[in-house]
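Undergrad: Can you read through this structure? Questions will come right after.
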Amino acid sequence: MVLVHKKKIMEHQFENSSNTEIFDVLAFIPEKFVVDFANGIDVVRDHVRVQKNRTGYFSRLYDGFSGQAASRQSEINASLADGVEGALTWLTELTNSLAKSNFALAKVNERVALIYSAVTSLADYSTDTRNRLADLSTSLNARVDQLSSEIERVAFEQRAERQLDYVFNKWAAGRFDTFSYAGRGYSALEELRWGVFGDFCRDRNGTRVCSEFLDDLTNRVIRQLVIDKRVNQAVLRAPVDEWIDLPSGINCIPDATEALAYIGDWSEPEQFPFVFTVSQQPHALPLAVPRLWSAERLAEALVSEVFERE
Amino acid sequence: MEDFRVGLVLSGGGAKGAYHVGILKALCELGARVDAIAGASIGALNGAILASAPTLEEGVDRIEELWEILAESSPLSFKMPNYLEFLMVAGLHLNGLNYINGLILSAQAVYGSKLPEWLLQWLKVSEGLSSGLLSDTPLKRLMDRYLDVDALGSGLPLYVSVFRSRGALLDLLSCLIGELGFMDPPDSEFLHIQLLPQHERRDALLASAAIPLLFSPKFVNNTPYTDGGQGGWSKMQGNTPITPLLRAGYKTIIVTHLSDGSLWSRQDFPEATVLEIRPQTLISRHGVTPDLLGFDAKKIPSWIQQGYDDTMHCVGRVMKASAARCELRVSEGAVAKSQQPFGRLDQELDSAMKRLMKTK
Chain A
80 MVLVHKKKIM
90 EHQFENSSNT
100 EIFDVLAFIP
110 EKFVVDFANG
120 IDVVRDHVRV
130 QKNRTGYFSR
140 LYDGFSGQAA
150 SRQSEINASL
160 ADGVEGALTW
170 LTELTNSLAK
180 SNFALAKVNE
190 RVALIYSAVT
200 SLADYSTDTR
210 NRLADLSTSL
220 NARVDQLSSE
230 IERVAFEQRA
240 ERQLDYVFNK
250 WAAGRFDTFS
260 YAGRGYSALE
270 ELRWGVFGDF
280 CRDRNGTRVC
290 SEFLDDLTNR
300 VIRQLVIDKR
310 VNQAVLRAPV
320 DEWIDLPSGI
330 NCIPDATEAL
340 AYIGDWSEPE
350 QFPFVFTVSQ
360 QPHALPLAVP
370 RLWSAERLAE
380 ALVSEVFERE
Chain B
161 MEDFRVGLVL
171 SGGGAKGAYH
181 VGILKALCEL
191 GARVDAIAGA
201 SIGALNGAIL
211 ASAPTLEEGV
221 DRIEELWEIL
231 AESSPLSFKM
241 PNYLEFLMVA
251 GLHLNGLNYI
261 NGLILSAQAV
271 YGSKLPEWLL
281 QWLKVSEGLS
291 SGLLSDTPLK
301 RLMDRYLDVD
311 ALGSGLPLYV
321 SVFRSRGALL
331 DLLSCLIGEL
341 GFMDPPDSEF
351 LHIQLLPQHE
361 RRDALLASAA
371 IPLLFSPKFV
381 NNTPYTDGGQ
391 GGWSKMQGNT
401 PITPLLRAGY
411 KTIIVTHLSD
421 GSLWSRQDFP
431 EATVLEIRPQ
441 TLISRHGVTP
451 DLLGFDAKKI
461 PSWIQQGYDD
471 TMHCVGRVMK
481 ASAARCELRV
491 SEGAVAKSQQ
501 PFGRLDQELD
511 SAMKRLMKTK
């Protein structure tokens, strides 16, 4: 029997299935064994129902005499046999189908296991990569910080050097000529101390670079004092007055002495005798100050007192 | 799809033919396909109305309309057995009314009021029929319209079961002997209505329902035929005429029964896929004769309902089983198809993982 409505229902149920061709060909052609199996139940029930109602004496006698009882029983038996056979057929097919499903399920499990393994590997890989990236990031950050510090240090150092050059170029150009020889050195040192050079020395106090800078500074002061004083040797001594007397001439600033005194007012004669002598020009020299100075002695003393006073 | 044509067998059973209405309604609702019909007795007449209709649905509506009118109270002053009424408006003429009346009157004289009520009603029936009261009723008019032998020519193939009469008494006697299991009457014959000359088609239909004694045999091709349900009595060969459909090549056949525990056996037709619609509860209401002749028209709706319920039950069971098998096959196919891409995907995954492991 071809049952169209069932086709519609099943097509609706499986409308997303791509196997509609199967429906067209197979779905509505009931197989004989299925019909015999399912319909046989109703046949047996019909006969059994009648059989139950034929239990009276005469009914049994009549059915036995006419052979209808035997015919009915035979029909029941045949339908039951068909049913059992149909059940076996169906069960066999169902078992085969179940076996296929189990195999398919096993295959799915295999693939799931494979995917698990792959995902685990991926997760490990991902974690390792992440850790490596974190390490790399830390390392790079440290390196960048280091480079940044280095650049900052170099820049700082360069700025200090530039100021050093600037101040000594200025001195060489005669911009401090209004002061005494010692006053020029002291003025140059104060300018450096209040500028980038001073910051650098304070920041790097005690380091090798700072020490080198101060040595260089001392050397430059010595060299410029030797040039200004027109002496042949840095160690050649001269009386204090020659070092601290103000120059005379039209280029001298009248207030230079006061300005120098103002800048060096922090100096105590006991602690900073050279700076005190140069800036304050006392009538009586402090006891710690020698009466003869060389360019080297003066430069070392001034650098030491100006940059080590804190 | 020629091999999957569906045949429908409408068994005979007198007034219980109302059961066919319920069956056909249910089949129609289920969307069943019917390509040919074979009927005996009332099955032949119902089948003729169905086969001559332009569509199955229309045919079912017509049969339902006829049986509903039959179920209504009779326009006559007496209680007419509805099956007889059905047959007579279809064109059969009661035979030997006076002879039957004489027998009943004699019995009444002997047994008095102990006679069954339906037998006593017969006298009134006889009286009414003699006056021709059935000649113009709504049922008669409907029957004339729906039992259209002209339309049958282009309708569904219709086979009817007829019994070659050897005389009414001998016919009945042979059925009785068959019922007792001594010897079956000869097999019924099957007439393909569409192959008969047009003027013989109606007679062939009426012959299939012509109860011996009550109705005269009908002549088809100069052969007297009576009710087709008589042939092959013990195995219902004539009353459940599957044979002509099998001969015509139909392998899938719906067989309907109008009796409780019919001894017709599907085992005799192993080559066919047979879906039987059998009563799942008692179809008999008052006994063989009253049910056959239909003395109680009120039973018609109950038979219609029973036919509907039983069909839904019997066919539904098969449909559920078939659908389950179909779903199983489809699901198997879906599983197989879903596995196809994995051959390639497995390789791709394997290759990708190998490359990944190399770079680790």
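Note that the protein sequences, when read in sequence, are chains A and B.
Remember, my numbering sits 79 above the position in the first sequence when you count from 1.
Remember, my numbering sits 160 above the position in the second sequence when you count from 1.
By construction, the Cβ of each residue, glycine as well, lies at the ideal position given by its N, Cα and C atoms.
CA-CA distance, A/G162 and A/K186?
TA: Taking the first sequence and counting its residues from 1, one reaches residue 162 of chain A at position 83. Taking the first sequence and counting its residues from 1, one reaches residue 186 of chain A at position 107. Straight-line Cα distance between these residues: approximately 35 Å.
Undergrad: If I follow the unbroken beta strand (DSSP E) through B/I437, where does it start and stop?
TA: Taking the first residue of the second sequence as position 1, residue 437 of chain B is located at position 277. B/I437 -> beta strand (DSSP E) spans T433 to I437.
Undergrad: If you compare alpha carbons, which of A/D256, A/A317, A/D121 and A/V113 is closest to B/D469?
TA: Counting from 1 along the second sequence, the entry for residue 469 of chain B is found at position 309. Taking only the C-alpha atoms, the option nearest B/D469 is A/D121.
Undergrad: Below 8 Å on the Cβ atoms is my guess for B/H417 versus B/S201; work out the distance and round it to an integer in Å.
TA: In the second sequence, the residue the question calls residue 417 of chain B occupies position 257. In the second sequence, the residue the question calls residue 201 of chain B occupies position 41. Not confirmed; about 13 Å, so no contact.
Undergrad: A/I120 lies in the alpha helix (DSSP H); which residues open and close that run?
TA: To locate residue 120 of chain A, count along the first sequence from 1; it is residue 41. Taken as a continuous stretch (DSSP letters only), the alpha helix (DSSP H) holding A/I120 covers K111 to N132.
Undergrad: Check the C-beta distance from B/L356 over to B/A369 and give it rounded, since I have them as a contact under 8 Å.
TA: For the purposes of this step, residue 356 of chain B is taken as residue 196 along the second sequence, with counting starting at 1. For the purposes of this step, residue 369 of chain B is taken as residue 209 along the second sequence, with counting starting at 1. So it is not a contact: roughly 16 Å between Cβ atoms.
Undergrad: For the structure I just gave you, are there three or more beta carbon pairs, one from the stretch 257-274 of chain A and one from the stretch 314-331 of chain A, closer than 8 Å?
TA: Cβ pair count under 8 Å is three or more, so yes.
Undergrad: For a contact defined as C-beta to C-beta under 7 Å, what are the partners of B/F502 on chain A?
TA: Position 342 of the second sequence holds residue 502 of chain B. By Cβ distance, chain A contributes R190.
Undergrad: Out of B/G391, B/L366 and B/K518, which has the shortest C-alpha to C-alpha gap to B/H253?
TA: For the purposes of this step, residue 253 of chain B is taken as residue 93 along the second sequence, with counting starting at 1. When only C-alpha atoms are compared, the closest one is B/L366.
Undergrad: By the criterion of Cβ-Cβ separation under 7 Å, what are the contact partners of A/E164 in chain B?
TA: As a working mapping, residue 164 of chain A is identified with position 85 in the first sequence. The contacting residues do not exist; A/E164 stays about 12 Å from chain B at best.
Undergrad: Looking at chain A, is there any beta carbon in it that lies within less than 8 Å of the beta carbon of B/L236?
TA: Within the second sequence, residue 236 of chain B is the residue found at index 76, counting from 1. Residue confidence is low: B/L236 scores 45 on pLDDT, short of 50, so the model does not pin down where it sits. No coordinate-derived value is stated.
Undergrad: Work out the CA separation of B/G493 and A/S196 for me, nearest whole Å.
TA: Translated into positions along the first sequence, residue 196 of chain A becomes position 117. Translated into positions along the second sequence, residue 493 of chain B becomes position 333. Using only the alpha carbons, I get a separation of about 29 Å.
Undergrad: Using a Cβ-Cβ distance under 8 Å, would A/N390 count as near chain B?
TA: The requested residue 390 of chain A is not part of the displayed model; chain A covers only 80 to 389.
Undergrad: When you compare each of B/H446, B/R438, B/N206 and B/S511 to B/M226 by their alpha carbons, which one comes out closest?
TA: On the second sequence, residue 226 of chain B is found 66 positions in, with the first residue counted as 1. Going by the sequence as given, residue 226 of chain B is Leu instead of Met. Of B/H446, B/R438, B/N206 and B/S511, the residue nearest in Cα terms is B/N206.
Undergrad: Could you tell me if B/G503 is buried or exposed, where buried requires 16 or more neighbouring beta carbons within 10 angstroms of its beta carbon?
TA: Here residue 503 of chain B refers to the residue found at position 343 when the second sequence is read from its first residue. By the 10 Å Cβ count, B/G503 comes out exposed.
Undergrad: Does DSSP put B/Y410 in a helix, in a strand, or in coil?
TA: As a first step, residue 410 of chain B is located in the second sequence; it is residue number 250 there, counting from the start. B/Y410: coil per DSSP, three-state reduction.
Undergrad: What does B/L433 touch in chain A if you count any residue whose Cβ is under 7 Å from its own?
TA: Within the second sequence, the letter at position 273 stands for residue 433 of chain B. At residue 433 of chain B the sequence reads Thr, which differs from the Leu that was named. In chain order: P109, K111 and V114.
Undergrad: Taking A/V122 as the query, report the chain B residues whose CB atoms sit under 8 Å from its CB, ordered along the chain.
TA: Taking the first residue of the first sequence as 1, we reach residue 122 of chain A at position 43. What A/V122 touches in chain B: R426, E436 and R438.
Undergrad: So which residues on chain B does A/V129 lean against when the C-beta distance must stay under 7 Å?
TA: To locate residue 129 of chain A, count along the first sequence from 1; it is residue 50. Within chain B, the residues near A/V129 are D420 and G421.
Undergrad: With burial defined as no fewer than 16 other Cβ atoms inside 10 Å of the residue's Cβ, what is the status of A/K179: buried or exposed?
TA: Taking the first residue of the first sequence as position 1, residue 179 of chain A is located at position 100. It is exposed - the Cβ of A/K179 has fewer than 16 other Cβ atoms within 10 Å.
Undergrad: Quick check on the DSSP output: the alpha helix (DSSP H) that includes B/K518 runs from which residue to which?
TA: To locate residue 518 of chain B, count along the second sequence from 1; it is residue 358. Counting along the chain, the alpha helix (DSSP H) containing B/K518 begins and ends at F502 to T519.
Undergrad: At least one CB of chain A closer than 8 Å to the CB of B/V169: is that the case?
TA: On the second sequence, position 9 is the one that residue 169 of chain B refers to. No - not a single Cβ of chain A is within 8 Å of the one on B/V169.
Undergrad: What separation, rounded to the nearest whole angstrom, lies between the Cα atoms of B/Y243 and B/R222?
TA: Here residue 243 of chain B refers to the residue found at position 83 of the second sequence. Here residue 222 of chain B refers to the residue found at position 62 of the second sequence. Computed Cα separation, rounded: 17 Å.
Undergrad: Taking the C-alpha atoms as reference points, what is the distance between A/R124 and B/Q440?
TA: Mapped onto the first sequence, residue 124 of chain A falls at position 45. Mapped onto the second sequence, residue 440 of chain B falls at position 280. Roughly 7 Å separates the two Cα atoms.
Undergrad: Between the beta-carbon of B/D347 and the beta-carbon of B/T386, is there less than 8 Å?
TA: As a position in the second sequence, residue 347 of chain B is number 187, starting the count at 1. As a position in the second sequence, residue 386 of chain B is number 226, starting the count at 1. Contact: no.
Undergrad: Does the CB of B/S511 have a neighbour CB from chain A at under 8 Å?
TA: On the second sequence, position 351 is the one that residue 511 of chain B refers to. It does not: the Cβ of B/S511 has no partner Cβ on chain A nearer than 8 Å.
Undergrad: With which residues is A/D307 paired in a DSSP beta bridge?
TA: Residue 307 of chain A sits at position 228 when you count from the first residue of the first sequence. Note: A/D307 sits in no beta bridge, so no partner.
Undergrad: Restricting to Cα atoms, I'd like to know which of A/F144, A/S138 and A/L140 is closest to B/M343.
TA: As a first step, residue 343 of chain B must be located in the second sequence, where it is residue number 183. Per the Cα distances, A/F144.
Undergrad: Taking DSSP as the reference, what is the three-state secondary structure of A/V314?
TA: If you number the first sequence from 1, residue 314 of chain A lands on position 235. Reduced to three states, the DSSP call for A/V314 is coil.
Undergrad: Can you have a look at A/R151 and say buried or exposed, based on whether 16 or more other CB atoms are within 10 angstroms of its CB?
TA: As a position in the first sequence, residue 151 of chain A is number 72, starting the count at 1. Flag for A/R151 reads buried.
Undergrad: With a threshold of 8 Å between beta carbons, is A/A183 in contact with chain B?
TA: On the first sequence, residue 183 of chain A is found 104 positions in, with the first residue counted as 1. Closer than 8 Å to some Cβ of chain B, the Cβ of A/A183 qualifies, so yes.
Undergrad: Determine the direct distance from the alpha carbon of B/S422 to that of B/G177, and round the result to whole angstroms.
TA: In the second sequence, counting from the first residue as 1, residue 177 of chain B sits at position 17. In the second sequence, counting from the first residue as 1, residue 422 of chain B sits at position 262. C-alpha separation (whole angstroms): 15 Å.
Undergrad: Please state whether DSSP places A/V385 in a helix, a strand or coil.
TA: The residue you call residue 385 of chain A lines up with position 306 of the first sequence. If DSSP states are grouped into helix, strand and coil, A/V385 belongs with the helices.
Undergrad: According to DSSP, is A/L371 helix, strand or coil?
TA: Mapped onto the first sequence, residue 371 of chain A falls at position 292. Strand, per DSSP.
Undergrad: B/L307 to A/T174, Cα distance in whole Å?
TA: The residue given as residue 307 of chain B occupies position 147 in the second sequence. The residue given as residue 174 of chain A occupies position 95 in the first sequence. Going by the C-alpha atoms only, they are around 53 Å apart.
Undergrad: For a contact defined as C-beta to C-beta under 8 Å, what are the partners of B/R477 on chain A?
TA: What you label residue 477 of chain B is simply residue 317 of the second sequence in a count that begins at 1. What B/R477 touches in chain A: A117, N118, I120 and D121.
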